[in-house]
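Worksheet: the structure to be examined is printed underneath.
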Amino acid sequence: MALTILMFYTRRPDFTPDQFRAHMESKYLPIVKEVMGPHLPQTTTLRYIERCGSGFGDRLGATLASKYKNDPNAPVLLVGHPKDLGWDAMVEMSFKDELHLMQGYAATNSTEGQRIRDAEEEFSVPDTMKVVLMNRNAAMAEDMAENADPSQKHIKAYAEWGSGGWGGILTGNVEVSEKYRGSPGSVFAKASLTEPLRAIWKQYASVTQQAGTPGIVQLVHPGRQSPPGAGTRGFFEPAIAPSAIPLNIGNGLLERLLQKVAFGTPREMSVADIEEVIAQFAHAAKLVHDAGFKGIELHAAHGYLLSTFLTAKSNTRTDDYGGTPAKRARIVVDVIRAVRTVVPASFCIGVKINSADVGGNESLEESLEQVGLIAAEGIDFLEISGGSYEKPRMAVGDAATGTEKREAFFLDYAHAVRERYPDLILMVTGGFRSRKGMEDALQSGACDLIGIGRPAAVWPALPKEVLLNEKVDEAAATQKLHKIKLPWLLRVLPIKLVGVGADTMYYAKQIQAMGLGKVPQPPPIY
Numbered sequence: 001m002a003l004t005i006l007m008f009y010t011r012r013p014d015f016t017p018d019q020f021r022a023h024m025e026s027k028y029l030p031i032v033k034e035v036m037g038p039h040l041p042q043t044t045t046l047r048y049i050e051r052c053g054s055g056f057g058d059r060l061g062a063t064l065a066s067k068y069k070n071d072p073n074a075p076v077l078l079v080g081h082p083k084d085l086g087w088d089a090m091v092e093m094s095f096k097d098e099l100h101l102m103q104g105y106a107a108t109n110s111t112e113g114q115r116i117r118d119a120e121e122e123f124s125v126p127d128t129m130k131v132v133l134m135n136r137n138a139a140m141a142e143d144m145a146e147n148a149d150p151s152q153k154h155i156k157a158y159a160e161w162g163s164g165g166w167g168g169i170l171t172g173n174v175e176v177s178e179k180y181r182g183s184p185g186s187v188f189a190k191a192s193l194t195e196p197l198r199a200i201w202k203q204y205a206s207v208t209q210q211a212g213t214p215g216i217v218q219l220v221h222p223g224r225q226s227p228p229g230a231g232t233r234g235f236f237e238p239a240i241a242p243s244a245i246p247l248n249i250g251n252g253l254l255e256r257l258l259q260k261v262a263f264g265t266p267r268e269m270s271v272a273d274i275e276e277v278i279a280q281f282a283h284a285a286k287l288v289h290d291a292g293f294k295g296i297e298l299h300a301a302h303g304y305l306l307s308t309f310l311t312a313k314s315n316t317r318t319d320d321y322g323g324t325p326a327k328r329a330r331i332v333v334d335v336i337r338a339v340r341t342v343v344p345a346s347f348c349i350g351v352k353i354n355s356a357d358v359g360g361n362e363s364l365e366e367s368l369e370q371v372g373l374i375a376a377e378g379i380d381f382l383e384i385s386g387g388s389y390e391k392p393r394m395a396v397g398d399a400a401t402g403t404e405k406r407e408a409f410f411l412d413y414a415h416a417v418r419e420r421y422p423d424l425i426l427m428v429t430g431g432f433r434s435r436k437g438m439e440d441a442l443q444s445g446a447c448d449l450i451g452i453g454r455p456a457a458v459w460p461a462l463p464k465e466v467l468l469n470e471k472v473d474e475a476a477a478t479q480k481l482h483k484i485k486l487p488w489l490l491r492v493l494p495i496k497l498v499g500v501g502a503d504t505m506y507y508a509k510q511i512q513a514m515g516l517g518k519v520p521q522p523p524p525i526y
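Each residue of the sequence shown is one higher than the one before, starting from 1 at the first, in UniProt numbering.
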């Protein structure tokens, strides 16, 4: 099926319209075509459009707005965060099929592709560039944010959890960076809020905590796991990471191609970049506090930015933020300290870390050293999880083990942390499906708190109706979740992320159903 990309450009203020047009036609587009080579789009159309303000029509272009504005199921995916600006030009590229599109983009993400980014920066404002993919379903559009803000879908979904008897509620990711985001449909902690936005944030906190349950907001920077177009950076501008080390999601041809298309090679962060990220986390924490939430959790797991600083596999820096376990943990320590300066001492700060990066005894010792440094900052709890896009264990677990062994993927690591730091409050998340499994984990002393993910997405009142309900016996206090069945084509693809994506998408859709006032459904039996 043919695929079309629409790319919108805003000219730099120091360029006249004539200079802008000349640069687009005589330099920029010829370079794009040259770099794409044999994967050149079938057609390339350049249109100049008038500047205008914000709004749906402005984001997609006047012709698209009139066609799709009343169609909620339109096959259009807007990638990028809308801003109050207009565009000066739109380039439409039509590709023969998705493979040609992927190969063309992979070429632009190569070393040779730097020529495109350089030419783009000469005449346009890269941070404002927008991309629209047409003729495909909006696979990334399942998130519930509206214009990057909490929406009424959040209010409805969290109202369900807020009355479900949970001991605490951890929200989904709230992004701290507008430029580098993990999803175009995620919530972003904006630099400033209008009064209506302050009200929706406060409502978000209120319904979450309606029964006295503390609400903790998970803050994240995706780092190198930020796909192109998910934030306000230019489509060809790389993501950022502690070191310029790309994700490795597999060594097969399709996996390597997917890596280049979806993520590319990140740019190594400067110290100024690191300081900016630290400030962004602090700002987001203050916003969350002012909204009425009881705390935050810093997401330093699953391959996101803070996580990639902690491990030597993705951090080869030799400055103050790399080279030793302590230096690799410095950014997390600095973020905690920055947050503490803008919120009261009663505000909860937790940290989520990876167990998947811990291999042999040496890496275990390094990880435990980092835990000690983080704990010394006075955090309120440490969540142990695991997995990343490279090792997607957090989403699928170990399929080769039985239910009892799978109850907690990460308990072994939790035992090691508990032995070294007995006073640190530990939370373990991953694989818990039965009341007995949870009780055993708590009674073993390996953890103090149990995190429940997928069962909560399909049973929002699970504690009240099952886990804490004395009328439900031990045998019945189990939440069995069947595997998600993939389409046959995806089942034969040698890409380990395919199953992860299908599982994640299924449960995200159940949460979105809750946001629409519908009843979520467990996976069917096939």
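Here a beta-carbon is modelled for each residue, glycine too, at the ideal position from N, C-alpha and C. For clarity, every value in this text was computed on a predicted model and none was experimentally measured.
Item                                                                                                                         : Value
Cβ neighbour criterion (16 or more within 10 Å) applied to Ala301                                                            : buried
Exposure of Leu219, with buried meaning 16 or more beta-carbon neighbours within 10 Å                                        : buried
6 Å CB neighbourhood of Tyr204 in its chain, flanking five on each side removed                                              : Pro150 and His154
Straight-line Cα distance separating Glu297 from Leu382                                                                      : 9 Å
Close Cβ partners of Val417 (< 8 Å) along its chain, the five nearest in sequence each way excluded                          : Leu368, Val371, Leu382, Ile384, Leu424 and Leu426
Rounded straight-line distance, which links the Cα of Ile278 to that of Arg340                                               : 12 Å
Three or more C-beta pairs below 8 Å linking the region 222-237 and the region 164-172                                       : no
Helix, strand or coil at Asp118 [DSSP, three-state]                                                                          : helix
Residue range of the beta strand (DSSP E) that includes Leu219                                                               : Gly215 to Val220
Distance, Leu193 Cα to Val500 Cα                                                                                             : Because the pLDDT at Val500 is just 45, under 50, the model does not fix this residue reliably, and the value given afterwards should be weighed accordingly. If you take the alpha carbons of Val500 and Leu193, they lie about 35 Å apart.
CB contact flag (Lys436, Glu470, <8 Å)                                                                                       : no
Range of the contiguous alpha helix (DSSP H) that encloses Thr208                                                            : Glu195 to Thr208
Touch test, the region 341-356 against the region 279-292, Cβ-Cβ under 8 Å, three pairs minimum                              : yes
His154 in three-state terms, based on DSSP                                                                                   : helix
Every unbroken alpha helix (DSSP H) inside the region 258-301 [4 residues or more]                                           : 271-291
Limits of the unbroken alpha helix (DSSP H) element including Leu305                                                         : Leu305 to Leu310
Range of the contiguous beta strand (DSSP E) that encloses Val466                                                            : Taken as a continuous stretch (DSSP letters only), Val466 belongs to no beta strand (DSSP E), as it is neither H nor E.
Exposure of Glu122, with buried meaning 16 or more beta-carbon neighbours within 10 Å                                        : exposed
Cβ shell of Glu120 (< 7 Å), same chain only, five flanking positions each side left out                                      : Tyr28, Pro126, Gly234 and Phe236
Residues that Leu426 bridges to, as DSSP identifies them                                                                     : Leu382
DSSP bridge partner residues for residue 528 (one or two, in chain order)                                                    : Residue 528 lies beyond the stretch modelled for the chain, which goes from 1 to 526, so this question has no answer here.
Simplified DSSP state of Ala189, which is helix, strand or coil                                                              : coil
Beta-carbon contacts of Leu481 that lie in its chain and below 8 Å, excluding the five residues immediately before and after : Arg433, Arg454, Pro455, Val458, Pro522 and Pro523
Alpha-carbon to alpha-carbon, Asp412 and Gly431                                                                              : 14 Å
Collapsed DSSP secondary structure at Lys352 in the structure displayed                                                      : strand
Boundaries of the beta strand (DSSP E) in which Ile336 is found, first to last residue                                       : That residue, Ile336, is in no beta strand (DSSP E); its alpha helix (DSSP H) goes Arg330 to Arg340.
Spatial distance of Asp273 from Ile116 (CA atoms)                                                                            : 23 Å
Where Ala457 falls: helix, strand or coil (DSSP)                                                                             : helix
Candidates Gln280, Thr213, Thr429 and Tyr321, of which the one nearest Ser177 by Cα                                          : Gln280
Simplified DSSP assignment, three categories, for Asp71                                                                      : Because Asp71 carries a pLDDT of 42, less than 50, the predicted location of this residue cannot be relied on, and the following value inherits that uncertainty. Asp71: coil per DSSP, three-state reduction.
Distance, Arg337 Cα to Gly378 Cα                                                                                             : 10 Å
Inter-residue Cα distance where the pair is Ile245 and Thr429                                                                : 28 Å
Neighbour-count burial assignment, Gly264, 16 or more Cβ in a 10 Å radius                                                    : buried
Proximity of Gly231 and Lys313 at Cβ, strictly below 8 Å                                                                     : no
Environment of Ser183 [buried if 16+ CB atoms lie within 10 Å]                                                               : buried
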